[in-house]
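In the working numbering, the protein residues as written are 44 to 227.
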């Protein structure tokens with residue numbers, strides 16, 4: 044029976060699983076709290092009260108079980124990743140998708156992704172202008188990153204700067220998609 048539930052839950056977001064099944068009976072509660080069950084989180088724009096409930100009941104107690112995390116609201120990313128200690132608790136995180144995020148939050152988030160053991164895929168859609176391409180240097184430092192997609196606009200204040208990498212630095216990125224002004 045658990046195997047069938049795992050297969051069904053593969054296609055559902057944790058929010059819908061929680062709303063539909065959590066208070067159904069003790070068996071579902073125990074199943075959803077099983078530490079072997081990895082969780083996909085897809086936080087779309089929602090009211091502040093719904094988000095606070097979602098964070099308290101789903102995200103915070105299950106950080107170590109989240110393997111796919113998608114945030115589509117620029118204010119939520121700051122709230123969830125407000126301190127390095129919080130980011131480091133996402134030990135099963137493999138895929139992070141941040142849509143409509145402010146560039147000012149990225150430095151802090153990316154610097155701590157380097158310590159996550161399973162993290163390998165990053166997609167960013169940045170809503171404001173980025174001033175420099177230093178973001179790429181940080182991304183190239185992510186030692187397990189295989190896939191990276193970045194959508195951004197760059198405010199050109201001065202001559203185009205290039206990304207400085209020494210000849211010994213390597214990146215494991217196999218697929219890099221850049222949708223923005225990139226000097227080469």
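Note that CB positions come from ideal geometry on N, CA and C, so glycine has one too.
Keep in mind the model is a prediction, meaning the values are calculated, not measured.
DSSP three-state label for residue 203, please.
Unreliable placement is indicated for residue 203, whose pLDDT of 47 sits below 50; the coordinate value is still reported in the next sentence. Residue 203: coil per DSSP, three-state reduction.
Spatial neighbours of residue 171 in its chain, beta-carbon cut-off 7 Å, leaving aside the 5 residues before and after
145 and 146
Let me check understanding here. Comparing Cα to Cα, which of 160, 218, 108 and 116 lies closest to residue 90?
116
Using the C-alpha atoms, what's the distance from residue 151 back to residue 216?
Between residue 216 and residue 151, the alpha-carbon positions lie close to 21 Å from each other.
Taking the alpha carbon of residue 180 as the point to measure from, which residue in 143, 168, 213 and 137 has its own alpha carbon closest?
213
Residue 167 bridges to which residues according to DSSP?
141 and 193
Whether residue 113 touches residue 135 by CB criterion (9 Å)
Taking 9 Å as the Cβ cut-off, residue 113 and residue 135 do not qualify as a contacting pair.
Assign residue 142 to one of two classes, buried (16 or more other C-beta atoms within 10 Å of its C-beta) or exposed (fewer than that).
buried
The region 118-134 in contact with the region 155-162 per 3-pair CB rule at 8 Å:
yes
Just the Cα atoms here: how many angstroms apart are residue 68 and residue 76?
13 Å
Check for me: the alpha helix (DSSP H) holding residue 85 runs from which residue to which?
From DSSP, residue 85 is part of no alpha helix (DSSP H) but of the beta strand (DSSP E) over 82-86.
Can you tell me the Cα-Cα spacing of residue 164 and residue 129, whole angstroms?
For residue 164 and residue 129, the distance between alpha carbons rounds to 19 Å.
Thinking residue 58 and residue 101 are a contact (beta carbons under 8 Å), I'd like their distance in whole angstroms, please.
7 Å
Classify residue 222 as buried or exposed, calling it buried when 16 or more other Cβ atoms lie within 10 Å of its own Cβ.
exposed
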